[in-house]
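Enquirer: In the order they appear, the protein sequences are chains B and L.
No gaps in the numbering here: position 102 of the first sequence is 102 in the numbering used here, and each next residue is one more.
For the numbering used here, count along the second sequence from 1 and bump the result up by 114.
For glycine and all other residues, C-beta sits at the position ideal for the given N, C-alpha and C.
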Amino acid sequence: KNQVEQSPQSLIILEGKNCTLQCNYTVSPFSNLRWYKQDTGRGPVSLTIMTFSENTKSNGRYTATLDADTKQSSLHITASQLSDSASYICVVSARGSTLGRLYFGRGTQLTVWP
Amino acid sequence: DTEVTQTPKHLVMGMTNKKSLKCEQHMGHRAMYWYKQKAKKPPELMFVYSYEKLSINESVPSRFSPECPNSSLLNLHLHALQPEDSALYLCASSHPRTDTQYFGPGTRLTVL
Chain B
1 KNQVEQSPQS LIILEGKNCT LQCNYTVSPF SNLRWYKQDT GRGPVSLTIM
51 TFSENTKSNG RYTATLDADT KQSSLHITAS QLSDSASYIC VVSARGSTLG
101 RLYFGRGTQL TVWP
Chain L
115 DTEVTQTPKH LVMGMTNKKS LKCEQHMGHR AMYWYKQKAK KPPELMFVYS
165 YEKLSINESV PSRFSPECPN SSLLNLHLHA LQPEDSALYL CASSHPRTDT
215 QYFGPGTRLT VL
């Protein structure tokens, strides 16, 4: 069964600190993995996309890693800011899958305190 | 233009009302999607249009009726909804040859 699991479910950190969010997946055959940021009541915004051959990808203070062998990904946020408070969703697509068929994790709710 | 826009931002309707949600994109994407998202849950796919034709209907109740009048527009017509249909409705679009979906800001729907 194709699944995406994220941990932790929620996380509270102080402004300026770093944090790492985890994503494990069983989607097969794997095509790509994305991390989205979703503010409350808003649509998800793509942060990074990684294919099978990519191990690391950065977007400003966000760095995603992918281990396709262990089917794990992480999202590292450096020097957190109050505006980083949001839900971070890991989304995986399968190669050759039906158009639009994405597998969503339940998200990690990150709260950054001043 | 790299945006997907949705109107209205908020909608409150009674169970006997008829209303419509609108979605628009000008990125030349030929695949468009409707999702429903409940609080603290991931988005659930409802419909997919590819080249203005409905290609996926995830067994959505007939009180939700999608329409794709042209390649830039996607509507979701609502009729006789139930309170449990209250949710954030997200529209997304993608180029058919990639599966990177760009999401709109959503419409927050409340059914009384």
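1. Work out the CA separation of Trp148(L) and Ser207(L) for me, nearest whole Å.
2. Quick one, are the C-beta atoms of Thr221(L) and Lys132(L) less than 8 angstroms apart?
3. Expressed to the nearest angstrom, what Euclidean distance is found between the alpha-carbon atoms of Met146(L) and Leu110(B)?
4. Report, in whole angstroms, the separation of the C-beta atoms of Ala86(B) and Asp39(B), which I expect to be a contact under 8 angstroms.
5. Counting only the same chain and skipping the five closest in sequence on each side, list residues whose C-beta sits under 7 angstroms from that of Asp84(B).
6. Measuring only between beta-carbons, confirm whether Ser53(B) sits less than 8 angstroms from chain L.
7. For Glu198(L), does the three-state DSSP call read helix, strand or coil?
8. Using a cut-off of 8 angstroms between C-beta atoms, extract the partners of Pro180(L) located in chain B.
9. What's the C-alpha gap between Ile12(B) and Thr20(B)?
10. For Arg42(B), decide whether its Cβ has a neighbour in chain L, counting only Cβ atoms nearer than 8 angstroms.
11. Considering only C-alpha positions, which residue in the set Leu202(L), Cys137(L) and Pro157(L) is nearest to Tyr163(L)?
12. Between the Cα of Ser171(B) and those of Thr65(B), Asp67(B), Thr70(B) and Val91(B), spot the shortest distance and give me the residue it belongs to.
13. Would you kindly work out how many angstroms separate the C-alpha atoms of Gln151(L) and Asp69(B), rounded to a whole number?
14. Comparing alpha-carbon positions, which option in Lys155(L), His140(L) and Thr121(L) lies nearest Ala201(L)?
15. Rounded to the nearest angstrom, how far is the Cβ of Gln72(B) from that of Asn2(B), given a contact under 8 angstroms?
Expert: Here's the rundown:
1. If you draw a straight line from the Cα of Ser207(L) to the Cα of Trp148(L), it is about 9 angstroms long.
2. no
3. 29 angstroms
4. 5 angstroms
5. Ile77, Leu110 and Val112
6. no
7. helix
8. Under the 8 angstroms cutoff, chain B gives no residues; its nearest Cβ is about 13 angstroms from Pro180(L).
9. 12 angstroms
10. yes
11. Cys137(L)
12. No statement about residue 171(B) is possible, as the shown extent of chain B runs from 1 to 114 and does not include it.
13. 31 angstroms
14. Comparing C-alpha distances from Ala201(L) to each of Lys155(L), His140(L) and Thr121(L) shows the shortest one belongs to Lys155(L).
15. Incorrect: roughly 15 angstroms between the Cβ atoms, too far for contact.
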